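What follows is a short report on a single structure.
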Amino acid sequence: MSAGLNAQRLSWLALGLVLAGALFVGSRGDGSPPTDEERAYTIASAVRCPTCRSQSAADSDAPAAQAVVDEVLRRVQAGETEGQIRAFLVSRYGPDILLDPPKRGVSGLVWALPVAAVAAAAAGLAVAFRRWRPPRRPAPVSAEDRALVEEALRGERP
Amino acid sequence: MSAVAGTAAVALGLAAAVLGMATLALGLKRGDPRLLKGGQRYVWIVLAGAVLAAAAMQLALLTHDFSLNYVARNGSRSTPLLYTITGMWSALEGSILLWALVLAGYLALMARHFRDRATDPIVAWATLVGLAVAAFFFILMAGPANPFKLVSGPVPTDGPGPNPLLQNHPLVAFHPPMLYLGYVGFTIPFAFALAALVTGRLGEGWLVETRRWTLFAWGFLTAGVILGAWWSYEVLGWGGYWAWDPVENASLLPWLTATAYLHSVMVQERRAMLRVWNLSLLVATFSLTILGTFLTRSGVLDSVHAFSESAVGPMILGFFAVIVAVSIALIGWRGDRLRSPGAIDSPVSREGAFLANNLGFAAFTFVVLLGTVFPLIAEALNGERLSVGEPYFNRMTAPIGLTLLFLMAVAPALPWRKASTEVLHRRLAIPAWIATAVVAGLVAAGVRGLGALLAFGLGTFAAATAARHLALSVRHARRTGRGRLRALTGRTNGGMVVHIGVVVVAAAFAASSSFSEGREYRLAPGQSASLSGHTVTYLDTSTVQEANKTVTRARVRIDGGPVYTPALNQFPFATQAIGTPSVKTGLFEDVYLTLVAPPAPGSDTAVIGVRVQPLIVWLWIGGGIMALGTALAAWPAGRRSRRGAPPAGAPSEQTVDEPAVPVAT
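One line per chain: the protein sequences are A and E, in this order.
For the first sequence, counting from 1, position 67 maps to 66 in numbering that gives the first Met the number 0; every step adds exactly one.
For the second sequence, counting from 1, position 44 maps to 43 in numbering that gives the first Met the number 0; every step adds exactly one.
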């Protein structure tokens, strides 16, 4: 039995190692650094198309969106960082150009609230499971219980 | 003519709903069975009113009766027949009419299903709640969203036709009705939930009776959401199918809570626990359909789909507030009866997994709801205008989605109450190894990206668990001589088929959002460009005048093979041209072409958008599998009485969780 258990453990350990190795290699990217176009696309897909509501500039073919994409590409080629480009877009179009709101200030709530809620709910579940766990020892039998049993037994016997 | 008939029909429906409510209320107060039976019959008059109103609207649309404001704004003589018919749900007032029609249909089905139990107070209360919801929608039609309002001033001789986006693809005939069959269907379980609270019969009886209604509504909503994604992909022309747009989120929210309910309801059936939670999920599902209607129809969040600003918003918001307030009050009032004595022995058990599943779906719902309304909240708090879009939703929901995939893989293998390591090993080892092999194989084949690999791995794990269950079920059925179809029907087996569909959709979602490539090329006739191993050759552009639009069509050859024709459609009365993409669909990847800009005068170069996206077609196939699984799950599993449901308190349908045969592994 214990030999079987050990074999089981070993097989899961092997599985974990293979999986971790594969994911490690798989998460390392394909080596080549992103091209300017790819970087511009990444930045533009986190920015709203100025004339639509929820479409990103990268996905929209509205003329205003094209202008944003061109501007982003120009600045990427000029060597600006993502932060600089986003700051520029905010200064030109206002903060609602960003599709992922900044993590500071009021808009930080939209990031923090779900995390806090999930943490609270998970903690609540953990507490509930602890409370539900069946007691190790049976509860002591009270005199009242004994009396009830006595009475029931008396009823049984003629 | 149509206006008079339609207005009369709306009045008839409203009067019947109110009279039915009054009769049922009186009958419940006096305990008079004749009044209860009579009250239920008003449902049929409500249905008649809704059908007549819809018929009057169709007549007005088909005869181009421009004396009706609605037809004058959404009809035109040049619109093809199909889009004239679908014009009924192309704008706010007509959509409310469709909602009322579907609701009346559901109420009639409910009255028919429970006709032998009309005198049962729980049925009477449920009918009363259903009629109250119907009355609300008829009031909307009688007041601020009147589809039969007459035009002020002279009657126009022609109209602009429906919104160009809504007359560009036949899917508009299927997507909205499917979605409404889903949304509105949740009214029935909600009505029974309130009825159970009011009557105090909070056992598991009402759950058993409304389970299948929820399942049907869920199936329609699933199909509606997937069709919406498909429609978005085929019509909107930006290459995507899901943009976390408020309208899309509004359809996802009730789907999430309903999915949570379909799982947690099993804990209540088995262990008589989670009563308050399940009631809350049903209430949340129904109220989220109303909230979604408010968000999308009031113009409060403008989006590509929202039709117009209107006075309807405050009324729908008020109705939403009433639903939530009444439900919370009722749950609070019945708090003592709702307390359940049960306990969950171990988190590593089926019920423990369902709780984790519900935590995941609740978190998902919270993220989507918060992200959707947050711009409003922020603006109200300090006047700050900001957007919450795709990057936010993707980053927040990806970990939840992966967790849910993991639970989907593990939960079906967990026994109720408590799992031993022995059982876990026996049931999970092979699926886990298959998943690991798939991940390792993909990495070896050059696939990169942690998120996508996790999605593929966990998806394979979940699909393997589901397949294992189905294989055991088939083997069990063969041994016991039951039909092979029986092995796939019933809630658990159908549910496993749905799981496989979900995995297919999730894998397609992960692949297409991680590995898409898109670019625009300015091409002269005969010139080619290549992207991700595909060569596109631009041939020429031609312009054709059609009945309701001017179409500019480019001809583009893909990989030296067939010619595809992305187009731009200019509708009269529309400022911007609407693109029609042309898609070369394949099992492994789609090549998606759009005509971004036709040749300018004096030039012959056109701008062609090219996107290569993997596995897109599997989104629709996965959706189909989910719909099939829902049908299998709703299929009667055993010898159940054909008419009516088992009496309240009867044990629920027995499901084959794990066939009682030795499992050789």
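Glycine is no exception: its CB is placed at the ideal position from the N, C-alpha and C atoms.
Predicted, not measured: the structure shown is a model, and the values here were computed from it.
Rounded to the nearest angstrom, how far is the Cβ of residue i from that of residue j, given a contact under 8 Å?
i: E/Leu11; j: E/Thr22; result: Not quite, the Cβ-Cβ distance comes to about 16 Å (not below 8 Å), so this is no contact.
i: E/Leu403; j: E/Ala454; result: Not really, about 11 Å apart at Cβ, beyond 8 Å.
i: E/Val590; j: E/Val562; result: About 13 Å separates the two Cβ atoms, so there is no contact after all.
i: E/Leu180; j: E/Phe219; result: 4 Å
i: E/Leu567; j: E/Gly559; result: At roughly 25 Å, the Cβ-Cβ gap does not stay under 8 Å, so E/Leu567 and E/Gly559 are not in contact.
i: A/Leu98; j: E/Gly388; result: 3 Å
i: E/Ala24; j: E/Leu51; result: Wrong, their Cβ atoms sit about 26 Å apart, outside the cutoff.
i: E/Leu102; j: E/Met87; result: In fact, because the Cβ distance is near 15 Å, the residues do not count as touching under 8 Å.
i: E/Val366; j: A/Pro113; result: 5 Å
i: E/Val183; j: E/Tyr105; result: 6 Å
i: E/Gly160; j: E/Ser75; result: 4 Å
i: E/Gly236; j: E/Pro635; result: 44 Å between Cβ atoms; not a contact.
For residue i, would you say it is in contact with chain E, using Cβ-to-Cβ distances shorter than 8 Å as the test?
i: A/Phe128; result: yes
i: A/Ser53; result: yes
i: A/Leu88; result: no
i: A/Leu9; result: no
i: A/Val17; result: yes
i: A/Ser59; result: yes
i: A/Gly78; result: no
i: A/Leu22; result: yes
i: A/Asp99; result: yes
i: A/Ser26; result: yes
i: A/Leu112; result: yes
i: A/Ala121; result: yes
i: A/Asp95; result: yes
i: A/Leu14; result: yes
i: A/Ile84; result: no
Contact criterion: CB-CB distance below 8 Å. Does residue i meet it with respect to chain A?
i: E/Thr435; result: yes
i: E/Asn381; result: yes
i: E/Met395; result: yes
i: E/Leu375; result: no
i: E/His468; result: no
i: E/Leu358; result: yes
i: E/Ile607; result: no
i: E/Glu268; result: no
i: E/Trp432; result: yes
i: E/Ala92; result: Per the sequence shown, the amino acid found at residue 92 of chain E is Glu instead of Ala. No, its Cβ sits nowhere closer than 8 Å to a Cβ of chain A.
i: E/Tyr520; result: no
i: E/Glu208; result: no
Looking at the structure shown, is residue i part of a helix, part of a strand, or coil, going by DSSP?
i: E/Tyr82; result: helix
i: A/Leu98; result: coil
i: E/Ile557; result: strand
i: E/Glu588; result: strand
i: E/Ser541; result: strand
i: E/Ala599; result: coil
i: E/Val299; result: coil
i: E/Pro398; result: helix
i: A/Arg47; result: strand
i: E/Val197; result: helix
i: E/Trp98; result: helix
i: E/Pro340; result: coil
i: E/Tyr240; result: coil
i: E/Val562; result: strand
i: E/Asp157; result: coil
i: A/Asn5; result: helix
i: E/Trp634; result: coil
i: E/Asn162; result: coil
i: E/Glu203; result: coil
Could you name the residues that DSSP lists as bridge partners for residue i?
i: E/Asn568; result: E/Val550 and E/Ile577
i: E/Val593; result: With the sequence shown as reference, residue 593 of chain E is identified as Thr, and Val is not the correct amino acid for it. Looking at the DSSP assignment, E/Thr593 forms a beta bridge with E/Gly608.
i: E/Glu519; result: E/Gly608
i: E/Ser529; result: E/Thr534
i: E/Lys583; result: E/Val590
i: E/Leu67; result: E/Leu149
i: E/Val122; result: DSSP output for E/Val122 lists no bridge partner at all.
i: E/Val613; result: Checking the sequence, you will find Pro at residue 613 of chain E rather than Val. E/Pro613 pairs with E/Glu588.
Report yes or no: is there a C-beta of chain D within less than 8 Å of the C-beta of residue i?
i: A/Pro139; result: Any reference to chain D falls outside this structure, whose protein chains are A and E.
(message) Please give the ranges of any alpha helix (DSSP H) in the region 53-120 of chain A, keeping only runs that are unbroken, at least 4 residues long and fully inside the region.
(response) 62-76 and 81-92
(request) Only counting runs of 4 or more residues, tell me where the alpha helix (DSSP H) segments fall wholly within the region 10-61 of chain E, in order along the chain. (result) 32-61
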